[in-house]
Ligand code: IVH
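Residue numbers (this note's numbering): 363 to 1044.
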């Protein structure tokens, strides 16, 4: 239905929608729309009410705090109301709030601000009497909440008893939330349990809803099982206690009583410094083990807070700066299947483009058939899309309230969309493949892989050329590269003598690539870069590998039975035999270069990874130097790596993996020393 043009009617629509979604969010813990959609509707209502003050009524959601309460829990009256916060969605709105604060305070002191995270959880009020926890209550409508004491007692972060100099009555407010690690553990358990019973796992969508749902359980043992956490950020009713001058002082006092206070809250002297801190928080959005959806800025001085007071809904002395949304809803136009270079069939969502997490998202992977079934997303559904940081966009699930009742679960196609052959499902890996060796997508994939830098390093053979040559029938497999009809290519649109010469030269040059790289380039199952080198070194020639038995291959360092069987089976196929004989006839290197073992074996058995450009070694030269000293040079860092050598522009993922795994990172001089002595630079 199209939104009404008449302000009064539109206000009615917005209030009804917001009331509905508030109930879904606060009472049922089953939000149907992401927070950003809520904010959008809410802002539209605020704008309409501001433009039409006569239409504002006390029952509008803009005039009251969030949810109401459920009869499952006893009501608790909040003597000091639990208020909400007004939002700022950009820096201009933050500055506007600052100007209003300064104006209201007139000639009084320029305020300082406490800047803290806006935790994405559930507000809670805790009451301590003589240092003992006696009650925990949800916010409810701000005046009356629900008694969830039995559940609050199971939250490990919440002390049952205070320590230090506590007053006779102390109510504190804070946020119950779920750490990302706890959320991941919970979902892993769901997966394990489902796997044990052969059912589809019921996965939790996000930590906030899970935390809220967990706290409002009748059975406290369910809550206890969910590993909830807590930060406190505000006082409620206090009787007795010290004279406190500021919010930051209050937090320090609460911490001294044994209550968990977030370490990132700090005071700042000006709005410019606040803006800088907001940017810092934004940058660390994905660095913490819990989610936050904004930054709360509070006037630090409690006397000034009292001066500023509150309106019906929220204090004037605080504002929540909302970070850009990472979840939005959009329409799932279709689910399609793409075929990867190894034949893997991956379903993906075709979306009505939506701006989320700083980019416009039009497609998102759905990983495999089981994921589509678990999420039960269907073409035509409104779906929630999430893009957090650099992580690839994800479809979280459907908005069931918007679903067309006639829609049916999506079915994985039976045939490959590229070649039309039947797809085959591999249940152990929850994967589906096109197993047609001649499927054009796989032919292209194999050739692209063969030409890649880590394999045969054929420059000037880009994806577009491969596509074109395959579609024209010039290339069927990698051996065809060595009998390419360059005259025909020269006649193709977009190809000039120079580009054809370059391509011919690069293909010619690839014939000299070492046997290990060729083995890697052939996409033999289980043969990555390292295994390719090892296989070449262990047997010395392609023909020796072809003759080797499963047992002989299994005996190679790091191989074993499973890999040996896969490798042996590949070499036994007619396809492989034909390919190798044609490559050999074309003059490719079929013998392993003799590794010079005269050098001292300083790196015997150790793995050293090289990343970035070194000054005195080429990429292959550095590898060779490592091999000559008895070492290995895999393409990725693991806990077992002895050192990561970095040159100019190293790969960020290798560096961060090394940092995470405690692998020493050394420069070129350190590398030379390591080669010579086997010792890491001190
Ligand atoms: S102070 C009177 N500080 O945000 C001020 N609230 O949108 C009361 N929240 O209901 C709130 N982090 O659930 C405050 N550092 C923080 C917060 C925070 C998260 C939540 C809280 C509140 C909601 C308002």
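The beta-carbon is built from N, C-alpha and C at its ideal position, and this holds for glycine as well.
Since we're looking at a predicted model, the values are computed, not measured.
> Per DSSP, what kind of secondary structure is residue 460 in: helix, strand or coil?
Replying inline: On the chain shown, residue 460 is found 98 positions in, with the first residue counted as 1. Correct three-state label for residue 460: helix.
> Tell me the DSSP bridge mates of residue 484?
Replying inline: Taking the first residue of the chain shown as 1, we reach residue 484 at position 122. DSSP lists 538 as partners of residue 484.
> Taking one C-beta from the region 584-604 and one from the region 528-546 each time, how about it: are there three or more such pairs within less than 8 Å?
Replying inline: yes
>> Judging by CA-CA distance, which residue of 678, 472 and 624 is the nearest neighbour of residue 539?
In response: Your numbering for residue 539 matches position 177 in the chain shown. Looking at 678, 472 and 624, the one whose alpha-carbon comes closest to that of residue 539 is 624.
>> If you measure between the beta carbons of residue 519 and residue 622, is that distance less than 8 Å?
In response: For the purposes of this step, residue 519 is taken as residue 157 along the chain shown, with counting starting at 1. For the purposes of this step, residue 622 is taken as residue 260 along the chain shown, with counting starting at 1. Yes; because the gap between Cβ atoms is below 8 Å, this pair is in contact.
> Closest to residue 967 by CA distance: which of 981, 950, 952 and 993 is it?
Replying inline: Translated into positions along the chain shown, residue 967 becomes position 605. Closest option to residue 967, Cα to Cα, is 993.
> Can you give the beta carbon distance from residue 933 to residue 907, rounded, assuming they're within the 8 Å contact cut?
Replying inline: The residue labelled residue 933 in the question sits at position 571 within the chain shown. The residue labelled residue 907 in the question sits at position 545 within the chain shown. Correct: roughly 7 Å between the Cβ atoms.
> What does a CB cutoff of less than 7 Å around residue 823 pick up in its chain, not counting 5 residues either side in sequence?
Replying inline: Reading the chain shown from its first residue, position 461 is the one you call residue 823. Closer than 7 Å at the Cβ level, and outside the excluded window around residue 823, lie 813, 865 and 868.
>> Does the beta-carbon of residue 583, which I'm using as the reference point, lie nearer than 7 Å to any heavy atom of ligand 1?
In response: Taking the chain shown and counting its residues from 1, one reaches residue 583 at position 221. It does not: the Cβ of residue 583 is nowhere closer than 7 Å to a heavy atom of ligand 1.
> For residue 675, is the beta carbon positioned less than 7 Å from some heavy atom of ligand 1?
Replying inline: The residue you call residue 675 lines up with position 313 of the chain shown. Residue 675 Cβ: outside cutoff for every heavy atom of ligand 1.
> alpha helix (DSSP H) containing residue 408: first to last residue?
Replying inline: Against the chain shown, residue 408 aligns to sequence position 46. Residue 408 -> alpha helix (DSSP H) spans 397-413.
> What separation, rounded to the nearest whole angstrom, lies between the Cα atoms of residue 527 and residue 588?
Replying inline: Here residue 527 corresponds to residue number 165 of the chain shown, with the count starting at 1. Here residue 588 corresponds to residue number 226 of the chain shown, with the count starting at 1. Approximately 32 Å, taken between the alpha carbons.
> Should residue 463 be counted as a contact of ligand 1 given a C-beta to heavy atom distance under 7 Å?
Replying inline: Counting from 1 along the chain shown, the entry for residue 463 is found at position 101. No, ligand 1 has no heavy atom inside 7 Å of this Cβ.
> Which same chain residues, not among the five before or five after residue 837, have their C-beta less than 8 Å away from its C-beta?
Replying inline: Residue numbering aside, residue 837 sits at position 475 when the chain shown is read from its first letter. Result list for residue 837: 805, 809, 828, 831, 843 and 846, in chain order.
>> For a test of your reading of the model: does the CB of residue 505 fall under 7 Å from any non-hydrogen atom of ligand 3? Yes or no.
In response: Absent from the structure shown: ligand 3. Ligands present: ligand 1.
> Under 8 Å, do residue 691 and residue 1021 count as touching if we go by C-beta distance?
Replying inline: On the chain shown, residue 691 is found 329 positions in, with the first residue counted as 1. On the chain shown, residue 1021 is found 659 positions in, with the first residue counted as 1. Their beta carbons are not under 8 Å apart, which means residue 691 does not touch residue 1021 by this criterion.
> So which of 436, 396, 466 and 477 has the shortest CA-CA distance to residue 669?
Replying inline: By one-based count along the chain shown, residue 669 stands at place 307. With distances taken between Cα atoms, residue 669 lies closest to 466.
>> Within a Cβ cutoff of 6 Å, which residues of the same chain sit near residue 1019, ignoring the five residues on either side of it in sequence?
In response: Along the chain shown, read from residue 1 onward, the residue named residue 1019 stands at position 657. Cβ neighbours of residue 1019 beyond the five flanking positions: 999.
>> Cutting at 6 Å between CB atoms, please list the residues of its own chain near residue 643, excluding the five before and the five after it.
In response: Position 281 of the chain shown, counted from the start, is the residue given in the question as residue 643. Closer than 6 Å at the Cβ level, and outside the excluded window around residue 643, lie 657.
> Quick check: the region 507-517 against the region 449-464, are there 3 or more CB pairs under 8 Å?
Replying inline: Here the region 507-517 makes no contact with the region 449-464; the two share fewer than three CB pairs at distances below 8 Å.
>> Report the CB separation of residue 435 from residue 508 in whole angstroms; it is logged as a contact under 8 Å.
In response: As a working note, residue 435 is residue 73 in the chain shown. As a working note, residue 508 is residue 146 in the chain shown. Rounded to the nearest angstrom, the Cβ distance from residue 435 to residue 508 is 4 Å, consistent with a contact under 8 Å.
> Would a C-beta distance cut-off of 8 Å place residue 951 and residue 885 closer than the cut-off?
Replying inline: As a first step, residue 951 is located in the chain shown; it is residue number 589 there, counting from the start. As a first step, residue 885 is located in the chain shown; it is residue number 523 there, counting from the start. No; because the gap between Cβ atoms is not below 8 Å, this pair is not in contact.
> For residue 449, which beta-bridge partners are listed by DSSP?
Replying inline: Translated into positions along the chain shown, residue 449 becomes position 87. Its beta-bridge partners are 682.
> Alpha carbon to alpha carbon, how far is residue 492 from residue 577?
Replying inline: Numbered from its first residue, the chain shown carries residue 492 at position 130. Numbered from its first residue, the chain shown carries residue 577 at position 215. Computed Cα separation, rounded: 25 Å.
> Where are the alpha helix (DSSP H) runs, 4 residues long or more, that stay fully inside the region 600-624, in chain order?
Replying inline: 609-618
>> On the criterion of 16 or more Cβ atoms from any shown chain inside 10 Å, does residue 605 qualify as buried, or is it exposed?
In response: For the purposes of this step, residue 605 is taken as residue 243 along the chain shown, with counting starting at 1. With fewer than 16 Cβ atoms within 10 Å of its Cβ, residue 605 is classed as exposed.
> Who are residue 654's beta bridge partners in DSSP?
Replying inline: Stepping through the chain shown from its first residue, residue 654 is reached at position 292. Beta-bridge pairing links residue 654 to 481.
> Should residue 680 be counted as a contact of ligand 1 given a C-beta to heavy atom distance under 7 Å?
Replying inline: If you number the chain shown from 1, residue 680 lands on position 318. Yes - ligand 1 has a heavy atom lying nearer than 7 Å to the Cβ of residue 680.
>> Considering only DSSP beta bridges, list what residue 903 is partnered with.
In response: For the purposes of this step, residue 903 is taken as residue 541 along the chain shown, with counting starting at 1. The partner list for residue 903 (beta bridge, DSSP) reads 953.
> In the DSSP assignment, what are the bridge partners of residue 709?
Replying inline: Taking the first residue of the chain shown as position 1, residue 709 is located at position 347. Partner(s): 699.
> What did DSSP end up calling residue 846 once you bin it into helix, strand or coil?
Replying inline: By 1-based counting over the chain shown, the position of residue 846 is 484. The answer is coil: DSSP assigns residue 846 none of H, G, I, E or B.
> Who does residue 533 pair with in a DSSP beta bridge?
Replying inline: Reading the chain shown from its first residue, position 171 is the one you call residue 533. According to DSSP, residue 533 bridges with 489.
>> Relative to the C-alpha of residue 488, which candidate in 953, 648, 464 and 517 has its C-alpha closest?
In response: As a first step, residue 488 is located in the chain shown; it is residue number 126 there, counting from the start. Nearest option by C-alpha distance: 517.
> According to DSSP, is residue 527 helix, strand or coil?
Replying inline: Here residue 527 corresponds to residue number 165 of the chain shown, with the count starting at 1. Residue state, collapsed to three classes: coil.
> How is residue 756 classed by DSSP in three states: helix, strand or coil?
Replying inline: Numbered from 1 along the chain shown, position 394 holds the residue referred to as residue 756. In the structure shown, residue 756 sits in a strand (DSSP, three-state: E or B).
> Are there 16 or more other CB atoms within 10 angstroms of the CB of residue 937, so buried, or fewer, so exposed?
Replying inline: Taking the chain shown and counting its residues from 1, one reaches residue 937 at position 575. That one is exposed.
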